[in-house]
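One structure below.
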Amino acid sequence: MGAVKRVLVTGGAGFIGVHTVRLLVADGFTVLVVDDLRHACGEPLPPNVDLTAADLNSSAAAGAVAHFRPDAILHLAAQGGVSRSVRDPAGDALVNVLGTVAFLKASADVGCRRFVFASSGGAIYGRAARLPTSERTTPRPLSPYGAAKLAAEGYLGVFARTFKLRTLALRYSNVYGPFQDGTGEAGVVAITCERLLSGRAPVIRGDGQQTRDFVFVADVADANLRALRSRVSGAMNIGTGVASSVRTVVDELVAAATYHGSVDFVEAPPGEVRDTALDTRRAAKLLEWRAPTQLRDGLRQTFTSFRERARHATAPASAAPAGTEARPGRGSPAGSG
Ligand SMILES: NC(=O)c1ccc[n+]([C@@H]2O[C@H](COP(=O)([O-])OP(=O)(O)OC[C@H]3O[C@@H](n4cnc5c(N)ncnc54)[C@H](O)[C@@H]3O)[C@@H](O)[C@H]2O)c1
């Protein structure tokens with residue numbers, strides 16, 4: 001496999017996608033984004049990046065792969081809502097399983113040998129007996145979303161064994177950061193930022209002592225870039241290895257907002273996993289990657305970014321800085337994987 005120069009990013013207009021595409025371009029890659037914009041984050045892509053606005057399962061998307069002839073594909077596009085997958089498991093599988101299979105096939109057809117897939121460490125392991133959880137743990141997903149990610153990983157294995165694709169599934173933990181959708185049902189950091197900035201009390205589902213492995217989006221973008229350049233295959237956790245309570249996260253954001261009101265508690269959704277944290281030694285060893293951003297720093301950066309965006313959104317049009325674009329509407333609730 002020669003050096004990777006041309007990368008096709010599906011879902012490149014989304015939250016993790018925009019951060020990753022900007023990093024890839026800054027690093028000298030030529031990038032094509034395939035995204036039907038149903039859940040675009042509204043941040044502009046770099047001017048030298050082309051966009052094919054097409055559904056994963058469309059012939060236009062397959063045609064874009066054939067025309068662009070990428071050295072590598074980073075497959076981020078997905079239906080990301082866990083609750084939504086429970087309401088509509090077939091709709092979830094259409095995008096998250098069939099859409100992935102379509103791209104694996106398109107990749108094999110044009111002789112593209114590198115395929116990196118966004119899987120989910122939060123959703124795939126279920127109630128893991130051991131924390132932090134390693135890639136050797138048998139996945140037992142609790143949601144259709146997690147089952148779809150696991151099924152997609154199964155297809156990655158088939159295409160690796162049978163069609164000689166070098167496939168890697170990155171199992172992200174809970175990703176947070178600027179441009180995440182805070183208007184949906186998941187993503188406690190983004191939702192709390194939105195609520196604080198619109199003068200509403202933060203809401204904690206459950207007692208707040210449940211823990212998650214919160215990883216900053218810039219660190220995930222760096223992992224994506226390293227994964228594209230590497231020849232590593234199989235599955236790999238991407239997280240911090242640290243379990244932080246939801247209460248800690250909300251308290252940090254409350255402090256960043258200098259908010260003095262109440263914090264509301266509501267019932268936790270049924271079946272919610274109590275604690276998650278990922279063992280990231282494989283990524284450290286094989287990608288020389290770690291997540292350097294400390295939670296407090298990442299949360300402060302995120303809150304500041306949300307505040308700036310809110311200011312621009314409410315500023316009169318004439319006061320908007322040159323080059324800023326309107327934020328396309330969000331078609332579906334966000335998920336935090
Ligand atoms: N955000 C997290 O915490 C997290 C955690 C684990 C895994 N993941 C995975 O990482 C990937 C990126 O997540 P994100 O948070 O940036 O999500 P996102 O919703 O912000 O971005 C997904 C992008 O994919 C596009 N898309 C969705 N369905 C499509 C389709 N059928 N055809 C073409 N484009 C389509 C959307 O328009 C959007 O721009 C997803 O695969 C998600 O499952 C995310």
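Going letter by letter, the sequence shown gives residues 1 to 337 in our numbering. C-beta atoms are modelled at their ideal positions from N, C-alpha and C, and glycine is treated no differently. No experiment lies behind these values; they were computed from the predicted model shown.
Whole angstroms are fine: how far does the CA of residue j sit from the CA of residue i?
i	j	result
A40	A78	11 Å
A284	R290	6 Å
R307	F163	47 Å
R330	L131	Reliability fails at R330, whose pLDDT of 39 lies under 50, so the model's placement of it is uncertain and the value that follows must be treated cautiously. Approximately 35 Å, taken between the alpha carbons.
A123	T138	12 Å
F100	G28	Sequence check: residue 100 is Thr here, not Phe. Going from the Cα of T100 to the Cα of G28 covers about 26 Å.
A13	N48	14 Å
H312	L197	13 Å
V129	R300	One detail in the question is off: residue 129 reads as Ala in this sequence, not Val. Cα to Cα, the separation comes out at about 32 Å.
S244	R205	15 Å
C193	G111	44 Å
A412	G17	Lying before the first or after the last residue shown, residue 412 is absent from the chain, which here runs from 1 to 337.
V273	A315	41 Å
N57	A26	30 Å
L8	V31	6 Å
R296	V254	12 Å
D251	E135	31 Å
Give me whichever residues DSSP pairs with residue i in a beta bridge.
i	result
Y145	Its beta-bridge partners do not exist; DSSP assigns none.
Y176	F216
V7	V31, A72
R166	R114
F159	F159 is not bridged to any residue.
R171	S119, N237
L278	T133
S245	T211
L51	V33
V266	R205
Measure the Cβ-Cβ separation of residue i and residue j and say whether it is below 7 Å.
i	j	result
L142	D213	no
D92	A169	no
R247	G208	yes
L165	A108	yes
V217	V175	yes
L76	T183	no
Y125	V82	no
A61	V34	yes
Y172	I73	no
L286	R226	no
D71	R6	yes
Assess contact between the stretch 113-124 and the stretch 147-163, defined as three or more Cβ pairs (one per stretch) separated by less than 8 Å. Is contact present? Contact between the stretch 113-124 and the stretch 147-163 is present, because at least three Cβ pairs lie under 8 Å.
Can you confirm whether the stretch 260-272 touches the stretch 200-210 when touching is taken to mean that 3 or more C-beta pairs between the two stretches lie within less than 8 Å? These segments touch.
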